[in-house]
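Worksheet for the structure shown next.
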Amino acid sequence: MVSRLSAQQDQDAVNLIRGISMDAPLVAKSGHQGTAMALAPLGHVLYSRILRHDPKKPNWQNRDRFILSNGHASILQYALLYLNGYGLEIDDLKSFRQFGSATPGHPEVGHTVGIEVTTGPLGQGFANAVGMAIAERNLRARFGASACDHNTFVLVGDGCLMEGISHEAASLAGHLKLDRLVCVFDDNAITIDGSTSLSCSDDVAKRFAAYGWNIMNLGEIADDCDALEDALLTARANRGAPTLCILKSHIGTPSPDFTDAHEAHGNPFTASHVSATKKVMGIPDEPFWAPKDLVNAIRSHAATRGLSFTSSYEDDLNQIDERYLWDAAWNTPKSSSFSSLLPVFDSTTSLATRQVIQKAFDASLPALPGLIAGSADLTGNTGTKLSKQVAQSSNAPDGRQIYFGIREHAMGAAVVGMALHGGVLPVCGTFFVFADYMRPAIRLAAISKAKCVFIFSHDSVGVGEDGPTHQPIEQLASLRVIPGLQVIRPADPNETIAAWCAAVDHDGPTAIILSRQNVLSVTDGSAVSHGAGIVGHKVDAPQFVLLATGSEVGLCTQVATELLASNIRAQVVSMPSWDRYELLGKNLVNELFPKGVPVISVEAGVTMGWQKYADHTIGIDRFGASAPGAIALKELGISVDAVVKFVKSL
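All residue numbers for the sequence shown refer to our numbering, where the first residue is 42 and numbers rise by one.
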């Protein structure tokens, strides 16, 4: 049994956290001290009494996950990581919000040890937590509680719950009865503009109860460590539903000037305000007060607790019947290990690439025990159906098929949370035009290097009759500009298989863009490897290069055939991935694009960006139109006749 800290040590720890929460923003002239000050007791209780964690093994697989969804209060978590021995020191806190420091303005996973997800855009962290809870339960059901049996704690504020993503994520979590998920709502009734009464009169308790959550109204216990511990232990023990703990706090407490004032949210206190608050707390009026004896005692306590959790874990893992599957789930095998299982398509094959991706999933599923897939009510449409896999539910927690419902916002963020939890390789799908709903999550996936796969089908005006609201025009360009996001638009079945392999092998997020309509198999798939490649045989002394992606590659092969009948030699190049080409294929530039030979890009979307690779661009720089897909493409200039005419005009 690990001994507890004394009551005096608890109070001193809370005061230390509150002092740092004021000092760091004061030095930075930027930051949000008010929430961190109010929640210092909660944070201290979580780290010292509740969370199963080990600062010496911060990546221990069975640790409790803690997510600060209201990431503007990052100084709270940094102070806790410093105090508990995660590697941060006083100099790091003094560099709060400075270039290159370990204490950036909002928590960043992979940048600071002990941070689980990158938070900041409000509500995203809450939805990440839902994904983490899904991953934990699935792994526990499949591999046993000795390997995986932990909780996810997420701290949210009024802003997180106002954002629309929280509604979707809370609804999904309640439906799935994710009972290892505990959300603490910091009910301080303050936003940047002022009181929440300016803009919101929701009854949060009733809202979450309607979603199927267990509700605990904690009342005025924000400064009572023992009461907070009792409440969190009760919440953690609840089964059958996720739990929402509503904690009434007072932003900026115990400041004599700004307690309960909206100015405490994002405006650093002045030096005199900090001094006045430290006087109230009874601590020395010195910057970054951190008595060595206190810090050492808390770090020793954290290390002892941590060791009690982790010391026998390897023995626990060895009890798993199929340990190799657990290891493969946590360390995704390279595609080369299962490439022989994947289908190969000949030139007679005509399939929509959204159909092919499902074949890729099914073929590789035995080799990828971490693979979990689902979509936003478009499972069959997007190819994200795993054959013979049951649906994830409270009755079937081992299910590897997730039905996210019509919740693209929450789906995207939950998938990021699942990926960052580890042990799963999450895939989600929707129509490409609705990537706009998921953009914040996709962007955070790229920042976080979260290994997840976004499947976007119905990739052009070939969608057809649904019209411009459902026909993606600018979406491909908008994804290509996100740093760190691997974007692949395969031309045909073989490139689709190669795209899946590239996604599995990539250390980060991938977006695969797929067709609704059938496309002929015209490539061997090799262009994906370097991002671009010659289609078919190499043309001697070509007069033009036709550069395309997706279904337009097949169109360009037809164009090349017609041009040859007029004694015009055109080489077709498929460029399924700009980012892979920039990273891996630039050495092929002279082979793909002979000097002096005009390059014409053909893509059924906006032409923006193609100017880097092409001398002339053919695309759709307007919104689409409601018509059968083939007619929409033809009327908007994506047809064999239109491209042939254009080339001849040159």
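Glycine included, each C-beta is placed from N, C-alpha and C at the ideal position.
Please read these numbers as outputs of a predicted model, since none were measured by experiment.
Annotation for residue 59: 77, 78, 81, 295, 318 and 322 place their beta carbon closer than 8 Å to its own, counting only its chain and skipping 5 residues before and after. Ranking 253, 209 and 486 by CA distance to the CA of residue 151 puts 486 first. Collapsing the DSSP output to three states places residue 409 in coil. Secondary structure note for residue 214: its alpha helix (DSSP H) is the uninterrupted segment 205–217.
Between residue 559 and residue 533, the alpha-carbon positions lie close to 9 Å from each other. Under the rule that a run must span 4 or more residues, the alpha helix (DSSP H) segments found entirely inside the stretch 440–517 read 449–462 and 476–489. In the three-state DSSP reduction, residue 285 falls in the strand class (E or B). If you ignore the 5 residues before and after residue 622, its C-beta comes within less than 7 Å of the C-beta of 571, 572, 573 and 616, all in its own chain and listed in chain order. At a Cβ-Cβ threshold of 7 Å, residue 214 and residue 222 count as neighbours.
In the three-state reduction of the DSSP assignment, residue 322 falls in the helix class. With a beta-carbon spacing of about 7 Å, residue 492 and residue 466 fall inside the 8 Å limit used to define contacts. Nearest to residue 554 by alpha-carbon distance, out of 567, 536, 602 and 508, is 536. Given a length threshold of 4 residues, each whole run of the alpha helix (DSSP H) inside the stretch 49–83 is given here in chain order: 74–79. Taking every protein chain shown into account, the CB of residue 388 has fewer than 16 other CB atoms within 10 angstroms, so this residue is exposed. Approximately 34 Å separates the beta-carbon atoms of residue 636 and residue 549; this is outside 8 Å, ruling out the contact. With a contact defined as Cβ atoms closer than 8 Å, residue 543 and residue 357 miss out at about 35 Å. Taken atom to atom, the span from the alpha-carbon of residue 66 to that of residue 309 is near 6 Å. Within the model, the alpha-carbon separation for residue 293 versus residue 230 is close to 12 Å. Around residue 264, the same chain offers 82 as residues with beta carbons nearer than 7 Å, after the five sequence neighbours per side are excluded. When the Cα atoms are used, residue 671 and residue 587 turn out to be separated by approximately 21 Å. For residue 571, there is no enclosing beta strand (DSSP E); the residue is part of the alpha helix (DSSP H) that begins and ends at 568–571. Nearest C-alpha to residue 478 among 157, 165 and 75: 165. Taking a C-beta distance under 7 Å as the contact criterion, residue 193 and residue 174 qualify as a contact pair. Short of 6 Å from the beta carbon of residue 651, and not among the five residues preceding or following it, lie these beta carbons of its own chain, in chain order: 642 and 658. Look at the beta carbons and you see the stretch 122–136 touching the stretch 95–102: at least three pairs across the two are nearer than 8 Å. Annotation: the continuous beta strand (DSSP E) that includes residue 260 extends over 255–260. A contact between stretches requires three or more CB pairs, one per stretch, nearer than 8 Å, and the stretch 429–440 fails this requirement with the stretch 370–382. Counting along the chain, residue 586 sits inside the beta strand (DSSP E) bounded by residues 585–589. Taking all protein chains in view, the Cβ of residue 539 is crowded by 16 or more other Cβ atoms within 10 Å, so the residue is classified as buried.
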